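Taking my numbering, the leading residue of the sequence shown gets 70, the next gets one more, and so forth.
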Amino acid sequence: MGCCPLWCDVSIVRPHAKSVVDDHVHVIGAGLAGLSAAVRLVKAGVKVSIYEAGSEAGGRCRSFFDSRLGCRIDNGNHLILSSNHAVMDYLQIIEAENTLHVHEEAVIPFVDLEEDIRWKILLKKRLGLWALLFPSQRVPGTRLIDYVTALRLVWAADDKAIGQCLKTSGSLWRRFWSPLCVSVLNTDPALASAKLLRAVVWETFISGPAVTKPLVPKDGLSETFVNPALTFLKEHNADFKFNFSVRKLDYSNGRVARLLGRDSAVDVARRDMVVLALPPFATQKLLPELGVPDKYEPIINGHFRLRELEHERSFIGIVGGTAEWLFWRDNIVSTTVSSAKALLNKTNEELAMRLWCDISRVFSLRQAELPPYRIIREKRATFTQTPEQVQKRPKMATAFANLWLAGDWIDTGLPATIEGSVRSGEHAARAVIKNIKIYQGP
Ligand SMILES: Cc1cc2nc3c(=O)[nH]c(=O)nc-3n(C[C@H](O)[C@H](O)[C@H](O)COP(=O)(O)OP(=O)(O)OC[C@H]3O[C@@H](n4cnc5c(N)ncnc54)[C@H](O)[C@@H]3O)c2cc1C
Numbered sequence: 070m071g072c073c074p075l076w077c078d079v080s081i082v083r084p085h086a087k088s089v090v091d092d093h094v095h096v097i098g099a100g101l102a103g104l105s106a107a108v109r110l111v112k113a114g115v116k117v118s119i120y121e122a123g124s125e126a127g128g129r130c131r132s133f134f135d136s137r138l139g140c141r142i143d144n145g146n147h148l149i150l151s152s153n154h155a156v157m158d159y160l161q162i163i164e165a166e167n168t169l170h171v172h173e174e175a176v177i178p179f180v181d182l183e184e185d186i187r188w189k190i191l192l193k194k195r196l197g198l199w200a201l202l203f204p205s206q207r208v209p210g211t212r213l214i215d216y217v218t219a220l221r222l223v224w225a226a227d228d229k230a231i232g233q234c235l236k237t238s239g240s241l242w243r244r245f246w247s248p249l250c251v252s253v254l255n256t257d258p259a260l261a262s263a264k265l266l267r268a269v270v271w272e273t274f275i276s277g278p279a280v281t282k283p284l285v286p287k288d289g290l291s292e293t294f295v296n297p298a299l300t301f302l303k304e305h306n307a308d309f310k311f312n313f314s315v316r317k318l319d320y321s322n323g324r325v326a327r328l329l330g331r332d333s334a335v336d337v338a339r340r341d342m343v344v345l346a347l348p349p350f351a352t353q354k355l356l357p358e359l360g361v362p363d364k365y366e367p368i369i370n371g372h373f374r375l376r377e378l379e380h381e382r383s384f385i386g387i388v389g390g391t392a393e394w395l396f397w398r399d400n401i402v403s404t405t406v407s408s409a410k411a412l413l414n415k416t417n418e419e420l421a422m423r424l425w426c427d428i429s430r431v432f433s434l435r436q437a438e439l440p441p442y443r444i445i446r447e448k449r450a451t452f453t454q455t456p457e458q459v460q461k462r463p464k465m466a467t468a469f470a471n472l473w474l475a476g477d478w479i480d481t482g483l484p485a486t487i488e489g490s491v492r493s494g495e496h497a498a499r500a501v502i503k504n505i506k507i508y509q510g511p
C-alpha cells in the first residue's frame, strides 16, 4: 500500500558523479516533504536549492522557545511508530535516529475518564491478534465478535466512510476505533476515509514489523526532523533561500522556466527540475488548474508547566475527556485535541480549564489552580480526510515535464502524517532522479 510506481534505486546513482551533479533541482517548501525530497536528492549527488516562505524550516512540524513557559515546545505533539519505515529511513540518512525517545513497551496506553478504566493496545503483529482470544487482552467491554466485524474494513470500497463500514457505537468504537481514527485522520471518525484507515491498520498491525514501538522526539520536533536535515543538506552543498515565498511560476514549452518571488525571480534552466512541496492552498495559487483538497481540520494543543510531576516521561490516549492525548516529560504536560472545529470559538482560558481538568484526572492531581499554559491552534493542521476530499488528492506528476508535487496531501495512499509527507518527498525525489537519467540517456 502507498508504494511508489516510479521506483528507482537512488543508491545506484553515484554521489558526485559528474553527469548527475550538473543537474539542478529547485525544491519549494521546507516542510518535511520538501526536506525529505532534498535529502534524497543531495544523497544521490544532485545539486539542490530550497526556497522557503518562512524564516525557518519545518512547516507544520517545528519547535520554538516559549517565553511564558520558559522552555522549548512543539507546535503540536507528534507521535510516530517504529513501523513508519520512510520516516525511519529519513532519520537514518540524516543521522537523527538517536534523537528519538523509544517507548520500550510496544503498547499504547489508554484511560477512559468517564468510567475510570485503563488498558493498553498491544502493537505486536501476530501476538497482538492472537491475544484477542483472551478477554483480559481485549479493550474493556468488547467481545471477540466485535473484532471480527471489523473485517468489513478490508473489503470497504475506496469511496466509503468509516461509519459506513464499522459499527459506530459500543465499547470497541468508543475505546479503540474512534480515538484511533480521529488521531490518525484528524477528521470526524465516522466521516473519515475507510481506505486511509485500512492503510494504517495494514501497515501497523498486519504487514509491519513483529513489534511496533511508539516514538517521540527526545528534545523537540525541530531537533529530530528538521535541524539534522539542514545540517546534512548544508554538508552536501544545498543552497537555502528563507523568506522567499514563490508567488508565481512562469512556463515555457511545457516546462517551468522561472520562479517568481516578491522582489526577485530565479531562472529554471532547461534541464532543471522543480519539486513543489507546499500545502494544498499554496500549491493551488501556483497551479490554479490543479484540483486539490479544499477543506481543512484544526488541531489544538495545550502545553502546561506544572510545579513538579513525579511521573516518568510517557504518553496516554484519553477517552471521555476534551483532549485525546497527553504527553509529558519533566514538568511539562502537553495535550492534543484533533479535529477540533467545535472548540475553535472557545477562549484560550476556557480551553486551558478544560484541558487542565483532563490532566488533573489522569494524574489525580490536587493542584486546583491553573498552571502557566500555552494554547496553540493550528487551524489548517491537515486537510479533512473524508472520501470526497481524499479523491481530490493529486498524483505527484504534473502536466509540466519538469514539475513534481510533494506534501502530506498528495495521493500516497496514506493519511496526512509525517510518514505520508516524508514518503511523498522520497517518491518525488525518485521520480526526479529517474527523469534525470532518462534525459541523459543510458
Ligand atoms: C498540531 C499538529 C499535530 C500533528 N500530529 C501528528 C502526529 O502525531 N503524527 C504525524 O505523523 N503527523 C502529525 N501531524 C501532521 C504532520 O505535521 C504533517 O503531515 C507534516 O508536517 C506536513 O509536512 P509537509 O511538508 O507536507 O507540509 P508543511 O509542513 O505545510 O510544509 C510546507 C512548507 O511550505 C512553505 N510554503 C508555503 N507556501 C510557500 C511558498 N509560496 N513559497 C515557499 N514556501 C512556501 C511553508 O512555510 C512550509 O514550511 C500533525 C500536524 C499538526 C499541525
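Note that the Cβ used here is the ideal one computed from N, Cα and C, for glycine as well. Keep in mind the model is a prediction, meaning the values are calculated, not measured.
What does a CB cutoff of less than 7 Å around E393 pick up in its chain, not counting 5 residues either side in sequence? P248, V251, S252, G386, I387, T405, V406, S407
Quick one: is the Cβ of N370 within less than 7 Å of any heavy atom of ligand 1? yes
Taking only the alpha-carbon atoms, compute the straight-line gap between D319 and L290 and give it to the nearest angstrom. 35 Å
By how many angstroms is the C-alpha of L213 removed from the C-alpha of R207? 8 Å
In three-state DSSP terms, what is L249? helix
Pair every Cβ in the region 455-470 with every Cβ in the region 356-376, then say whether three or more of these pairs are closer than 8 Å. yes
Where the alpha helix (DSSP H) through P349 begins and ends: 349-355
Thinking just about the alpha-carbon of each residue, which of E488, W478, Y442 is nearest to the one in L138? Y442
Can you give me the C-alpha to C-alpha distance between W514 and A225, rounded to a whole angstrom? There is simply no residue 514 to check, as the chain begins at 70 and stops at 511 in what is shown.
Can you give, in chain order, each stretch of the alpha helix (DSSP H) that sits fully within the region 164-216 and has at least 4 residues? 194-199
Quick one: measure Cβ to Cβ for R324 and F469, integer angstroms, because I've assumed they're closer than 8 Å. 6 Å
C-beta atoms of I97 and A346 nearer than 8 Å: yes
Same chain, Cβ closer than 7 Å to A126, five either side skipped, listed in chain order: A99, L104, V295, L299
Taking the continuous beta strand (DSSP E) assigned at F294, which residues delimit it? No beta strand (DSSP E) holds F294; DSSP gives it neither H nor E.
Which word fits E358, buried or exposed, when buried means at least 16 other C-beta atoms lie within 10 angstroms of its C-beta? exposed
Range of the contiguous alpha helix (DSSP H) that encloses N417: 417-432
S490, buried or exposed, once every other Cβ within 10 Å from all chains shown has been counted against 16: buried
Given a threshold of 16 other Cβ atoms within 10 Å of its Cβ, counted over all protein chains shown, does P204 qualify as buried or as exposed? exposed
Cross-strand partners of G386 (DSSP beta bridge): F179, W394
Looking at I149 and E488, is the spacing between their C-beta atoms short of 8 Å? yes
Do the CB positions of T281 and T293 come within less than 8 Å of each other? no
Just the Cα atoms here: how many angstroms apart are A113 and H95? 15 Å
Assign W76 to one of three DSSP states: helix, strand, or coil. Below a pLDDT of 50, predicted positions are generally treated as unreliable, and W76, at 32, falls in that range; the measurement from the model is reported next regardless. Here W76 sits in coil by DSSP.
Rounded straight-line distance, which links the Cα of E377 to that of A498: 46 Å
Where do the N-terminal and C-terminal ends of the alpha helix (DSSP H) with P286 fall, by residue? Run containing P286: none in the alpha helix (DSSP H); it sits in the beta strand (DSSP E), 283-286.
H496: CB within 7 Å of a non-hydrogen atom of ligand 1: no
Do you know whose CA, among R449, D480, D341, lies nearest T256's CA? R449
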